[in-house]
Structure formats: C-alpha cells, structure tokens
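Numbering (the UniProt record's numbering), first residue to last: 1 to 138.
Listed below in structure tokens is the structure:
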C-alpha cells in the first residue's frame, strides 16, 4: 500500500526517534511491501529546519540528508501535480488551521488517494473531505 508521511513523521525517522511512533505506525513503516512517500514541500520544511539548525542530525549537509531520505529510509519524493493543485483549490480549510504547507500535503494525499500519516490532530478535520488519515498516537 502507498502512504504519504507528514513532515513530523519524516523528522522522527531522520532523528532516529522510533519511540515517537505508535505501534500501528511502526508496523506500517517497517512493512517493506508498503511504498512510502514524502511531499516535496516536506523536504523544503526539513531543509529550512536543517539550515536554521532547528534539527540536529548526523548529516553534514542538506544534500546528504535528502539523499538519506531516499536511500536509507526508502522514501519517494512526491512532487506537485495538476491534480494536487486542483484539490488544494477545492480544499475547505479547517478553522484554526493556518499552515498552508499542511493544506497542500492534505491535498496531495486526497488527490492521490493515499493515507496520510501524521502526529498532527488537525488533519482529522479533513476526513470528511475524503482524507484517509492515520493518526500517530504518541
């Protein structure tokens, strides 16, 4: 099965914080029959945090970190498409949820019919709009 990972899930992976994953999410991530994706916008967010030294990792460069997403963690980068943009334009924004990158990631998951894994409860608000949400209960 295909899954889209929110930025926070990818950061836990990068930092080696497996204890941050619920048993359900741990099973999904460790099942090699699943195909895992990360939004290109999540890579942008991670890059910003890395450059600002908000996340400290073993990687010496952003290039090495991004390479590890693909080669060490087997994440496929999901680039933006026309269907993602169209879904984003139709998305009804939940009250008190102003993170535009989150909105686009939700739109990607809905458009591609991929379950979205996140620790962010805000995503529950998009289930009525056909988001398949896997909540990472920590």
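Glycine included, each C-beta is placed from N, C-alpha and C at the ideal position.
Taking just the CA atoms, how far does residue j sit from residue i?
i           : j           : result
residue 69  : residue 101 : 19 Å
residue 111 : residue 40  : 15 Å
residue 136 : residue 120 : 8 Å
residue 49  : residue 57  : 11 Å
residue 103 : residue 81  : 15 Å
residue 20  : residue 83  : 32 Å
Quick one: using the 10 Å Cβ neighbour count with 16 as the cut-off for buried, is residue i buried or exposed?
i           : result
residue 107 : buried
residue 6   : buried
residue 105 : buried
residue 123 : buried
residue 74  : exposed
residue 1   : exposed
residue 32  : exposed
residue 79  : exposed
residue 38  : buried
residue 98  : exposed
residue 118 : buried
With H, G and I counted as helix, E and B as strand and the rest as coil, what does DSSP make of residue i?
i           : result
residue 155 : Only positions 1 to 138 of the chain appear in the structure, and residue 155 is not among them; the question remains open.
residue 21  : coil
residue 121 : helix
So with Cβ pairs under 8 Å, would you call residue i a contact of chain B?
i           : result
residue 133 : The question asks about chain B, but that chain is absent: this structure has only one protein chain.
>> Which complete alpha helix (DSSP H) runs does the region 60 to 112 hold, if anything under 4 residues is left out?
In response: 62 to 71, 82 to 90, 100 to 111
> Within the chosen definition, does the region 50 to 64 reach the region 81 to 88 through at least 3 CB pairs nearer than 8 Å?
Replying inline: no
>> Restricting to runs no shorter than 4 residues, where is the alpha helix (DSSP H) found entirely within the region 24 to 66?
In response: Correct list: 40 to 51.
> Within the chosen definition, does the region 3 to 18 reach the region 30 to 47 through at least 3 CB pairs nearer than 8 Å?
Replying inline: Contact check between the region 3 to 18 and the region 30 to 47: three or more CB pairs, one atom from each, fall below 8 Å, which counts as touching.
> Is the region 123 to 133 touching the region 14 to 30, taking contact as three or more C-beta pairs under 8 Å?
Replying inline: no
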